[in-house]
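Residue numbers for the sequence shown follow this note's numbering, beginning at -9 and rising by one. Take a look at the structure set out below.
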Amino acid sequence: MACQSGDLRISFCTVKVGIFVNPHKAGSLETLHALRSALHVRGCTVVLDQETAELAEESGGVAAAKFSDLVDIAAVIGGDGTMLHALSRLGNFEKPVAGINIGHLGFLTSCKDDELDIFAMAIAEGSFSTSVRTLLEAVVHRRGHDPEFFIALNEVTLARGDTGRLVSLSARVDGELLNDYRADGLIVATPTGSTAYSLSAGGPLIAPNAEVFVITPICPHSLGQRSLVLSNNVMIELSSEDRDCIPMLFTVDGRDSIRIESGDFVEIRKSASSFHLLRLEGQSFYQSLRQKLHWQGV
């Protein structure tokens, strides 16, 4: 039996599942054992990443970056934050990634920890789909440093650092000035990231298959500075315009903080790679919105 999404095909004669666990989540070890047991019962092979194997006090773990060559599916036990961390650990892994939610909101997760038997059955039978998510590639240019490259699933943020003062930053789209912002910072988000930090900052919700980015200012000084949705085939450049040389912090999905000084700049564009989020049958983005945001009819 096989599952197909776009050009993605996997043989399910012997499914190999790589498991990545957030060791700081309560109940993660118990969920790991329960998931592995459910998968073994259905004939699946399990591979643990190194940190997960250490948590289980076992040998034989492999680096998550090698999962692409060893497994058919990656299963991530935690919450949305763990999924974002797994993205950086997995590297260029363009195979289905499933999230087992033992966290809170869980927009990126495929099932809850009380649905492991359902999940294992779906994996063994190939009865799931994948939602292909756009990734951001960010290149940080700092004076005196080589360019640094980052990949984001949710967002790239340039925000005020150690001070409580507003910062001045400039945004350009394909070389043309978009706006000079006076704010706490600026978020460039994917459709996936539209349900995360950008939403908290007042940005719009965007369906995951929309081929767009959204630029959202964080607490802007002017009420006229609003979110902007634009095509994802553009290149966005962010730079500091602060005459007082107040440093800012560049972050990717809430990690990898880098100080950005006056004269430094960040280039952001659509990544050539993508993220394949595993969805069980009957799941959808709209269902998640109704459940997670508690939408109700009148």
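For every residue, glycine included, the Cβ atom is placed at its ideal position computed from N, Cα and C.
Open item on the list: Considering Cα atoms alone, identify which of Val31, Arg32, Leu125 and Met73 is closest to Ile9.
Closed with: Met73
Task: For Ile205 and Leu176, the rounded distance between their alpha carbons - done: 7 angstroms
Task: In chain order, each alpha helix (DSSP H) run of at least 4 residues that lies wholly inside the region 52 to 129 - done: 57 to 60, 70 to 80 and 106 to 115
Open item on the list: Please list the terminal residues of the continuous beta strand (DSSP E) segment that includes Ser291.
Closed with: Outside the modelled stretch of the chain, which goes from -9 to 288, sits residue 291, for which no answer is possible.
Open item on the list: If you reduce the DSSP assignment to three classes, tell me which class Asp(-3) lands in.
Closed with: Below a pLDDT of 50, predicted positions are generally treated as unreliable, and Asp(-3), at 41, falls in that range; the measurement from the model is reported next regardless. If DSSP states are grouped into helix, strand and coil, Asp(-3) belongs with coil.
TODO: Pull up the CB-CB distance for Leu159 and Leu148, whole angstroms please, since I reckon it's below 8 angstroms.
DONE: 6 angstroms
Open item on the list: Distance check for Ser121 and Ala134, CA to CA, integer angstroms please.
Closed with: According to the sequence as given, residue 134 is Gly; it is not Ala. Each residue's Cα considered, the two are about 40 angstroms apart.
Task: Through-space distance from Asn12 to Phe140, alpha-carbon basis - done: 22 angstroms
Task: Arg162 versus Ser221 - alpha carbon distance - done: 14 angstroms
Task: Delimiting residues of the alpha helix (DSSP H) encompassing Ser229 - done: Looking at the DSSP string, Ser229 is not in any alpha helix (DSSP H); the run it does join, the beta strand (DSSP E), is Ile226 to Ser230.
Task: Span of the beta strand (DSSP E), counted from its first residue to its last, around Val163 - done: Val157 to Val163
Open item on the list: So, with DSSP's three-state summary, where would you put Ala142?
Closed with: strand
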